[in-house]
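For the sequence shown, full-length UniProt numbering begins at 1 and goes up steadily by one.
Beta carbons are placed, not taken as given, at the ideal position from N, Cα and C, and that holds for glycine.
Since this is a predicted model, take the numbers as computed values, not measurements.
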Amino acid sequence: MPKRRALSPANDSNLSQSPSRPSSFSSSSSSSSTPTASQFRSKSNIITAANALTSSAFRSLYLPPLSLPSTSVSASSNLTISFSYSSDLSRQDLLACFRLVESTSKDDYAASSRRWKPRAKLREMGEVGMRYLIMRETERSTAPLSSSSSTSSSSSSAAADDRLTDAADQQIDTPILAFLSFHLLHEDARPVLYIYELHLSAPLRRLGLGTHLLSLAQRIAANVGVVKTMLTVFVSNAGAVRFYERCGFEVDEFSPRGKRLRGGEVRGADYVILSKRVRGGEGGEEGRRGMRSIDKGVQVDG
């Protein structure tokens, strides 16, 4: 399946160990409800325009305030949220995000048809067009938040680190405690925001921060003007599925159905595609605002 991820916590902890977007779910595939030429052109322009923007231009046009929710500020006052393109992430930050994925989701991947493939996962996380909302520690205290999660993930990360990093990388402790990554793309000719990853380290769970990161992604989706937000999650990760349902996600029409085997047995897929409609999508005023800005000379990549 294609490359998209989602949550995987048993609480709102590692809310994003989802399998990749199914490869059979083509973003360029046609359907019986193919839009008219003018509609397709409008929808295509939303994604094209947004993906052409530099990080700073995208931030100014589409990003909501990245403040922490008031309900968790007291418990996480040394945290900050930042936005970045994958191309702007330092190697150590990318590796810190990778280690968080590994510590929360490696076992789920290993038990699935996807298997755990660290090199492929790291490549995917660095893909052009991948965008990140990163929550990190801004002040070190006598008992930093990152310390409680470093021990549990160190042994599981060791083998992958040996293959994926050099000695200098392994000496850097980046205090990234949670992140959400997403792509803006087309699924069945419809503009969507696809969430690939949403992971929180243990100290940040049960504070509403996973829900907050998800709501930020939903607001970005509305500002861009896409139709819906999508993600993929392992069926075995029941906690993540429940979390997404509480956040308003439903099984998407393109989620794989059970397959009937010889003898009549029905075997379901080990992942499910969830989605949530975006209010004002289908190229609403928010998306048109971004395209008008490009017409007026807002800086774009390339």
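Could you check if residue i is buried or exposed, using at least 16 other CB atoms within 10 Å of its CB as the buried criterion?
| i | result |
| --- | --- |
| Ser87 | exposed |
| Lys228 | buried |
| Ala110 | exposed |
| Lys117 | exposed |
| Ser103 | buried |
| Glu253 | exposed |
| Glu197 | buried |
| Val128 | exposed |
| Ser181 | buried |
| Glu245 | exposed |
| Arg115 | exposed |
Considering only the beta carbon of each residue, do residue i and residue j sit closer than 7 Å?
| i | j | result |
| --- | --- | --- |
| Ser274 | Leu213 | Checking the displayed sequence, the identity of residue 274 turns out to be Leu instead of Ser. No. Outside cutoff. |
| Phe83 | Leu122 | no |
| Gly233 | Ala240 | Sequence check: residue 233 is Val here, not Gly. Contact: yes. |
| Ile81 | Leu61 | no |
| Arg131 | Tyr85 | yes |
| Glu137 | Asn78 | yes |
| Val226 | Val192 | yes |
| Ala202 | Met135 | no |
| Gly208 | Pro69 | yes |
| Gly126 | Leu100 | no |
Grouping DSSP H, G and I as helix and E and B as strand, with all else coil, what is residue i?
| i | result |
| --- | --- |
| Glu102 | helix |
| Ser155 | Residue placement at Ser155 is poorly supported in this model, since its pLDDT is 43, which falls under 50; the coordinates still yield a value, given next. Residue state, collapsed to three classes: helix. |
| Glu127 | coil |
| Glu245 | helix |
| Ser275 | strand |
| Val224 | helix |
| Thr232 | strand |
| Pro191 | strand |
| Arg114 | coil |
| Leu207 | coil |
| Arg257 | coil |
| Ala269 | coil |
| Ser215 | helix |
How long is the line joining the alpha carbons of residue i and residue j, rounded to whole angstroms?
| i | j | result |
| --- | --- | --- |
| Phe249 | Gly268 | 20 Å |
| Pro64 | Ala120 | 31 Å |
| Arg206 | Cys247 | 14 Å |
| Lys106 | Ala96 | 15 Å |
| Val235 | Asp270 | 5 Å |
| Pro256 | Ala52 | 32 Å |
| Val278 | His199 | 22 Å |
| Ala49 | Ser56 | 14 Å |
| Ser215 | Val224 | 14 Å |
| Leu204 | Ile47 | 32 Å |
| Asp59 | Asp108 | Here residue 59 turns out to be Arg, not Asp, going by the sequence shown. Whole-angstrom Cα-Cα distance: 33 Å. |
| His186 | Ile220 | 16 Å |
| Arg91 | Pro175 | 14 Å |
| Ser112 | Ala189 | 29 Å |
| Ala238 | Val272 | 11 Å |
| Phe98 | Glu124 | 10 Å |
| Lys276 | Gln218 | 9 Å |
| Gly280 | Leu89 | 31 Å |
| Phe243 | His183 | 21 Å |
Whole alpha helix (DSSP H) elements within the segment 49 to 95, 4-residue minimum: 55 to 62
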